[in-house]
Amino acid sequence: MLRHVKADVTSIPPPIFITTVVDPTPVEFRIYNGVVGVVRGNLIVTKWDPDFPGPLHKDSLLNPDNR
19 MLRHVKADVT
29 SIPPPIFITT
39 VVDPTPVEFR
49 IYNGVVGVVR
59 GNLIVTKWDP
69 DFPGPLHKDS
79 LLNPDNR
(Lines of atoms letter the chains of each structure in order from A and count residues from 1; the text may use other names and numbers.)
(Lines give C-alpha, C1' and ligand atoms only; values in the text may rest on other atoms or scores of the structure.)
Protein backbone atom coordinates (compact mmCIF):
# COMPACT_ATOMS: atom_id res chain seq x y z
CA MET A 1 0.00 0.00 0.00
CA LEU A 2 1.28 3.46 -0.90
CA ARG A 3 0.80 6.51 1.24
CA HIS A 4 1.07 10.06 -0.06
CA VAL A 5 1.02 13.36 1.80
CA LYS A 6 0.13 16.75 0.27
CA ALA A 7 3.70 17.99 0.46
CA ASP A 8 4.89 15.07 -1.69
CA VAL A 9 2.20 15.45 -4.35
CA THR A 10 2.68 18.79 -6.09
CA SER A 11 1.15 17.88 -9.46
CA ILE A 12 -2.49 17.95 -8.34
CA PRO A 13 -4.19 21.15 -9.55
CA PRO A 14 -6.46 23.10 -7.20
CA PRO A 15 -10.14 22.11 -7.28
CA ILE A 16 -12.57 23.83 -9.61
CA PHE A 17 -15.87 24.77 -7.97
CA ILE A 18 -18.94 25.25 -10.17
CA THR A 19 -22.23 26.54 -8.74
CA THR A 20 -25.38 25.44 -10.54
CA VAL A 21 -28.80 26.81 -9.61
CA VAL A 22 -31.60 24.31 -10.14
CA ASP A 23 -35.23 25.47 -10.10
CA PRO A 24 -37.39 23.44 -7.69
CA THR A 25 -40.25 21.35 -8.99
CA PRO A 26 -43.86 22.05 -7.94
CA VAL A 27 -43.67 19.13 -5.48
CA GLU A 28 -40.53 20.59 -3.90
CA PHE A 29 -42.27 23.97 -3.60
CA ARG A 30 -45.16 22.32 -1.73
CA ILE A 31 -42.80 20.42 0.58
CA TYR A 32 -40.78 23.57 1.30
CA ASN A 33 -43.94 25.57 2.03
CA GLY A 34 -45.13 22.79 4.34
CA VAL A 35 -41.87 22.84 6.31
CA VAL A 36 -42.01 26.65 6.56
CA GLY A 37 -45.58 26.41 7.86
CA VAL A 38 -44.58 23.92 10.56
CA VAL A 39 -41.62 26.07 11.67
CA ARG A 40 -43.72 29.25 11.78
CA GLY A 41 -46.45 27.44 13.70
CA ASN A 42 -43.91 26.15 16.23
CA LEU A 43 -42.49 29.61 16.81
CA ILE A 44 -45.94 31.15 17.25
CA VAL A 45 -47.37 28.46 19.54
CA THR A 46 -44.30 28.28 21.81
CA LYS A 47 -44.31 32.09 22.10
CA TRP A 48 -47.79 32.00 23.70
CA ASP A 49 -46.72 30.02 26.80
CA PRO A 50 -46.67 32.56 29.69
CA ASP A 51 -44.37 30.44 31.89
CA PHE A 52 -41.70 29.60 29.30
CA PRO A 53 -42.03 31.99 26.32
CA GLY A 54 -40.08 31.65 23.09
CA PRO A 55 -36.65 29.97 23.30
CA LEU A 56 -37.25 28.97 26.94
CA HIS A 57 -40.06 26.58 25.92
CA LYS A 58 -38.89 22.95 25.78
CA ASP A 59 -40.62 22.33 22.42
CA SER A 60 -39.43 25.53 20.72
CA LEU A 61 -37.13 25.15 17.73
CA LEU A 62 -35.15 28.08 19.16
CA ASN A 63 -34.39 26.18 22.38
CA PRO A 64 -30.65 25.25 22.43
CA ASP A 65 -31.54 21.72 23.59
CA ASN A 66 -33.36 21.13 20.28
CA ARG A 67 -30.46 21.95 18.00
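The sequence shown begins at 19 in the numbering used here and counts up by one.
Built from N, CA and C at the ideal position, the CB exists for glycine as well.
All values derive from a computational prediction rather than experimental measurement.
Counting C-beta atoms within 10 angstroms of its own C-beta, H22 has fewer than 16 neighbours from the protein chains shown and is therefore classed as exposed. Residue state for P71 is assigned as coil, using DSSP reduced to three classes.
In this structure, DSSP gives T28 a state outside helix and strand, which the three-state scheme calls coil. Take the alpha-carbon of I62 and the one of F35: they are about 40 Å apart. Within the same chain, G72, H75, D77 and S78 come within 7 Å of T64 by CB-CB distance, once the 5 residues on both sides are set aside.
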